[in-house]
Amino acid sequence: GDSVTQTEGPVTVSESESLIINCTYSATSIAYPNLFWYVRYPGEGLQLLLKVITAGQKGSSRGFEATYNKETTSFHLQKASVQESDSAVYYCALNNYAQGLTFGLGTRVSVFP
Amino acid sequence: EAAVTQSPRNKVAVTGGKVTLSCNQTNNHNNMYWYRQDTGHGLRLIHYSYGAGSTEKGDIPDGYKASRPSQENFSLILELATPSQTSVYFCASGDGDWGDTQYFGPGTRLLVL
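Chains as they are written, first to last, in my numbering: chain A, 405 to 517; chain B, 5 to 117.
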């Protein structure tokens with residue numbers, strides 16, 4: 405079956421430092437799945453951060469970026485300078501066209517001032 | 005206004021009892037999904053639906069039934085609840101297009117004693 409592996413948390417980083425959360429995937433039923441990053445901020449529900457559906461393309465949102473790399477089957481999430489408000493749990497996920505998402509375990513990120 | 009709502013938000017059930025978790029969406033999406041989240045497993049797909057009257061098995065359907073009586077509503081039914089079904093359950097709706105983005109409800113915390 406499909407699987408997603410991401411950086412094991414918790415990750416602690418200081419404000420204005422850079423952040424990278426690694427994500428690699430394995431998709432057995434389709435060559436090029438759609439890739440997503442979801443985020444859950446404290447006290448809020450799970451929401452889409454960004455998505456990329458074309459291999460080689462980059463998605464960005466709220467200062468975060470992720471590039472769909474089909475050669476390395478990776479979709480790492482990066483931000484150059486984090487803020488305290490970026491403290492959240494981040495989930496990498498893939499889907500095979502409307503058959504539900506396969507999630508990684510989530511990475512808890514804490515940003516300290 | 006929240007587009008995906010779930011009820012109840014918290015539920016305590018007894019082993020062997022019947023539990024129904026309800027989900028309502030106002031996104032007018034064709035696709036709806038039920039996931040559960042457990043420590044060490046991330047979110048896992050239980051059932052999904054492509055529209056009113058349809059239900060499909062996800063990755064972990066055993067012990068669960070689903071019902072989609074209308075475009076807006078999607079229920080998850082535990083006919084004989086067991087302690088192993090203690091979890092947090094999330095409903096989502098999806099637009100069904102290629103690159104299906106899913107929109108999640110706030111979750112239902114279920115405890116089976």
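The beta-carbon is built from N, C-alpha and C at its ideal position, and this holds for glycine as well.
These numbers come from a predicted model, not from an experiment.
Item	Value
Give the straight-line distance between the Cα atoms of residue 421 of chain A and residue 485 of chain A, rounded to the nearest whole angstrom.	5 Å
Keeping to the same chain, check which residues put their C-beta closer than 6 Å to that of residue 483 of chain A; ignore five residues upstream and five downstream.	423, 467, 468
If you follow the beta strand (DSSP E) that residue 463 of chain A is in, where does it begin and where does it stop?	462-465
Tell me, please, whether the CB atom of residue 479 of chain A is closer than 7 Å to any CB atom in chain B?	no
Which residues in the same chain have their Cβ closer than 8 Å to the Cβ of residue 22 of chain B, if we skip the five residues on either side of it in sequence?	81, 82, 83, 84, 85
Cα separation between residue 436 of chain A and residue 117 of chain B?	42 Å
According to DSSP, is residue 42 of chain B helix, strand or coil?	strand
Output yes if chain B places a C-beta closer than 7 Å to the C-beta of residue 449 of chain A; else output no.	yes
Look at the alpha carbon of residue 44 of chain B and the alpha carbon of residue 91 of chain B, and state the distance between them as a whole number of angstroms.	12 Å
Output, in sequence order along the chain, the residues in the stretch 55-89 of chain B whose CB is closer than 9 Å to any CB in chain A.	60, 62, 63
Could you check which residue in B:18, B:53, B:64 has the C-alpha nearest to that of residue 29 of chain B?	B:53
Pick from B:70, B:18, B:88: whose alpha carbon is nearest that of residue 95 of chain B?	B:70
For a minimum of 3 consecutive residues, which ranges assigned as the beta strand (DSSP E) are wholly contained in the stretch 22-100 of chain B?	23-29, 35-42, 46-53, 69-71, 77-82, 91-98
With DSSP as the reference, identify every bridge partner of residue 455 of chain A, one or two as the case may be.	A:440
Using a Cβ cut-off of 7 Å, pull out every chain A residue sitting near residue 106 of chain B, in sequence order please.	505
Per DSSP, residue 106 of chain B forms a beta bridge with which residues?	B:98
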